[in-house]
Amino acid sequence: MTATDHAATGTATVDLLVAVYRETLGTAGLDRDSDFYEVGGDSLTAFQITGRIQEALGVEVPVSLVFAYPTPADLASVLDSDFVQV
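Using our numbering, read the sequence shown as starting at 228 and increasing by one per residue.
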């Protein structure tokens, strides 16, 4: 995989997570650096987010990652490096 391939995959993952966060949290203005806690996230929405990520990517994502990496950009970085196989 080249650096360009990884960057493209990373961007796709961030875009996916932003869309999932926006839909789940009902916040249209949310972006890649929006904090899960600051936009009203709670344990129920964290489970909803991980469920949607699992459906989209086909990997089981621990809900604890949403709490540990609260922005879509941070979570995408972890998912790309540890979960998503290209």
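Even glycine gets a Cβ: it sits at the ideal position worked out from N, Cα and C.
Of the other Cβ atoms in all chains shown, 16 or more fall within 10 Å of the Cβ of T298; this residue is therefore buried.
A straight line joining the alpha-carbon of L252 with that of F310 spans about 23 Å.
In the three-state scheme derived from DSSP, where H, G and I count as helix and E and B as strand, F294 is classed as helix. Short of 7 Å from the beta carbon of G285, and not among the five residues preceding or following it, lies no beta carbon of its own chain. Taking 8 Å as the cut-off, the Cβ atoms of A283 and L257 do not count as close.
In this structure, the alpha-carbon of V247 lies about 12 Å from that of V293.
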